[in-house]
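Okay, structure first, notes after.
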Amino acid sequence: MSSLVVRRTALAASTAALVLLATACGGSSDSKDAKAGDGSTAQADKTASAAASAAPAKALGAAELEKAALTQADVKSGKVTELPAKDDVAQDKVKTGDAACTPLALLQAGSWVGTPAATVKRSWLADGKKPAAGADPKVALLAGLDREKVIVTLASYDDGGAEQALKDLRTAADKCAGGYSYTADGTRTGIAEVAVTQAPGGADEAFAVTQTMNADDVKAPVKAVVVRKGATVAYLPAINLAAAVSGKDFDFPTALVDAQLAKLK
49 MSSLVVRRTA
59 LAASTAALVL
69 LATACGGSSD
79 SKDAKAGDGS
89 TAQADKTASA
99 AASAAPAKAL
109 GAAELEKAAL
119 TQADVKSGKV
129 TELPAKDDVA
139 QDKVKTGDAA
149 CTPLALLQAG
159 SWVGTPAATV
169 KRSWLADGKK
179 PAAGADPKVA
189 LLAGLDREKV
199 IVTLASYDDG
209 GAEQALKDLR
219 TAADKCAGGY
229 SYTADGTRTG
239 IAEVAVTQAP
249 GGADEAFAVT
259 QTMNADDVKA
269 PVKAVVVRKG
279 ATVAYLPAIN
289 LAAAVSGKDF
299 DFPTALVDAQ
309 LAKLK
């Protein structure tokens, strides 16, 4: 998601968040993510090689994707909703200074890579956390914002497009590790660095990445997981509202990936 979506979501959570976004000091993502990427990249290459030798699966239609999309009954926590129109960034509204980095920008903006035959989107927001009794107001505010927001996009492809989408993301992560910038709906977002991280299991292919975003003078981690089952790719970019304010790291909600994969079997 772009820095514009980060700001909109944080503002909706608390009007005071806008003040903190302008004054908080930033931090970088945990270095263990980059370390984990060494093993995950090798495994991803092995998986991709095996997948390439198999015949492309048949793309799901729009109605089939709707059935596979997450509903509230599929998750144990958080809230699943239709994606608000203000957060839905069209693919042609995402532009990068370096075309090699476009797949990563599309992922983080909540869009998709390539040209799917059909798509469907959902939004998931984690449950809020209650601050400790008597906590400092700023600490209490950050505790209230310590929740993840994920845009879940299902995209089904013809003629091996799903496999190509994962390949394009891996290539982009390699070429753009040192950072890049992009605009989404006219709002510029700077990415300081890109680190491939450990992807969850259970899919035909999987890719995970942490990007360090510069937003309002704060360096904050934003994360994404992409999984493929057959000809369908699930894109799950995530932000944490408190992390967007403070720059601290957060854990990707992998249970959401498990829930989505269960519906793609």
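Quick note: the sequence shown uses my numbering, first residue 49, plus one each step. Cβ coordinates follow ideal geometry from the N, Cα and C atoms, glycine included.
request  = Could you tell me whether the Cβ atoms of G126 and L173 are closer together than 8 angstroms?
outcome  = yes
message = Could you check if K186 belongs to the surroundings of the ligand NAP, using beta carbon to heavy atom distance under 7 angstroms?
response = As for the ligand NAP, it is missing from this structure, which has no ligand bound.
key: Residue-level contact to chain B via CB, D184, 8 angstroms cutoff   = In summary, chain B is missing from the structure at hand, where a single protein chain is found.
Any 3 or more C-beta pairs closer than 8 angstroms across the region 294-309 and the region 214-229 = no
Beta strand (DSSP E) segments (min. 3 residues) lying fully within the region 174-205 = List check, beta strand (DSSP E) in window: 196-204.
task = Check whether the region 289-303 touches the region 186-194, counting contact only when three or more Cβ pairs, one atom from each stretch, lie closer than 8 angstroms.
result = yes
query = The alpha helix (DSSP H) spanning G209 covers which residue range?
reply = G209 to K223
inquiry  = So, for A251: in the same chain, excluding its five sequence neighbours on each side, which residues have a beta-carbon less than 7 angstroms away from its beta-carbon?
reply    = Excluding sequence neighbours, A251 sits near V275, R276, K277 and L309.
task = With distances taken Cα to Cα, identify the nearest neighbour of A282 among P151, L131, V200 and A166.
result = Here the closest residue by C-alpha is V200.
key: Residues near A153 in its chain [Cβ-Cβ closer than 6 angstroms; skip 5 each side]   = V142, T144 and Y230
ask   = Near G109, which residues of its chain fall below 8 angstroms by C-beta distance, leaving aside the five closest residues on each side in sequence?
value = Non-local C-beta neighbours of G109 in its own chain, meaning closer than 8 angstroms and more than five positions away in sequence, comprise A165, A166 and S204, ordered along the chain.
request  = Report yes if the C-beta distance between G162 and G209 is below 8 angstroms; otherwise report no.
outcome  = Yes; because the gap between Cβ atoms is below 8 angstroms, this pair is in contact.
query = Between V266 and G295, which are expected to be in contact by the criterion C-beta below 8 angstroms, what is the C-beta distance as a whole number of angstroms?
reply = 5 angstroms
task = Report yes if the CB atom of V270 is closer than 8 angstroms to the CB atom of A247, and no otherwise.
result = no
ask   = Any idea if S279 is buried or exposed, counting beta-carbon neighbours within 10 angstroms, 16 or more meaning buried?
value = According to the sequence shown, residue 279 is Ala rather than Ser. Buried, because 16 or more other Cβ atoms sit within 10 Å of the Cβ of A279.
Straight-line gap, V187 to K178 (C-alpha atoms, nearest Å) = Using only the alpha carbons, I get a separation of about 11 angstroms.
Backbone secondary structure at T119 - three-state DSSP = coil
query = Whole alpha helix (DSSP H) runs in the region 263-295 with 4 or more residues, listed along the chain?
reply = 289-294
key: Nearest-angstrom beta carbon gap, V198 and A286 [assumed within contact, 8 angstroms]   = 5 angstroms
message = Strictly by DSSP, which residues pair up with G238?
response = S229 and N262
message = Please state whether the Cβ-Cβ distance between T258 and A240 is less than 8 angstroms.
response = no
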